[in-house]
Amino acid sequence: MINGKMVEIMVGLFVAAGIAALFMLAMKVSNLNAFSVKDGYHLKAHFDNIGGLKVQSPVSASGVRIGRVVEIEYDQDSYEAEVSMVIDPKYNRLPTDTTAGIYTSGLLGEQYISLEPGGSDTFLGEGDRLTLTQSALVLERIIGQFMFSQAAEGVTKQ
Numbered sequence: 026m027i028n029g030k031m032v033e034i035m036v037g038l039f040v041a042a043g044i045a046a047l048f049m050l051a052m053k054v055s056n057l058n059a060f061s062v063k064d065g066y067h068l069k070a071h072f073d074n075i076g077g078l079k080v081q082s083p084v085s086a087s088g089v090r091i092g093r094v095v096e097i098e099y100d101q102d103s104y105e106a107e108v109s110m111v112i113d114p115k116y117n118r119l120p121t122d123t124t125a126g127i128y129t130s131g132l133l134g135e136q137y138i139s140l141e142p143g144g145s146d147t148f149l150g151e152g153d154r155l156t157l158t159q160s161a162l163v164l165e166r167i168i169g170q171f172m173f174s175q176a177a178e179g180v181t182k183q
């Protein structure tokens, strides 16, 4: 026969294992353990609008995750958002004319930076800046522009 104390210990171990499993699942889903921020080389890019981009957002090229956003600041000289990212060192052949754009995975998914390699023979290195950027499309702004154009169209038809 199992006494009450043993049942309590077994339930406690079961709960602890469940919490550990949920933590492991969360780490796997968020893919935070796949890329260490310490490793790699840093790049910077300026954007007019970053939308909902956040620190730890993925950086990808051709759909393959090659890095992460590590810092977002506001540049008071250029009045733009400055995004710092770290790129995995095995992806060290990004041409200097690579473009960076902010996209959304799915209709309402997370935002990420997509890099489109150019054709230059020289490659980006530690601390380089991407000069060709495309800001995030903000859904609210697009809807507002559509509604404004529809309202203006309705006024001209009358």
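Counting in the working numbering, the sequence shown runs from 26 upward without gaps. Even glycine gets a Cβ: it sits at the ideal position worked out from N, Cα and C. Small disclaimer: the values here were computed from a predicted structure and weren't measured.
Original post:
Which residues share a DSSP beta bridge with K30?
Top reply: Paired residue(s): none; K30 is not in a bridge.
Original post:
For R166, does the three-state DSSP call read helix, strand or coil?
Top reply: The DSSP-derived three-state label of R166 is helix.
Subject >> As assigned by DSSP and simplified to three states, the class of G92 >> reply: Here G92 sits in strand by DSSP.
Original post:
Nearest-angstrom Cα distance between F148 and I168?
Top reply: 39 Å
**OP:** Report the partner residues of Y137 according to the DSSP bridge assignment.
**Re:** Y128
**OP:** Would you decide whether A45 is buried or exposed? Buried here means 16 or more other CB atoms lie within 10 Å of its CB.
**Re:** exposed
Original post:
Which term fits L47, buried or exposed, when burial requires 16 or more other beta carbons within 10 angstroms of its beta carbon?
Top reply: exposed
Original post:
By Cβ distance, which residues of its chain are closer than 8 Å to I97, with the 5 residues on each side in sequence left out?
Top reply: I75, L78, K79, V80, A106, E107, V108, S109
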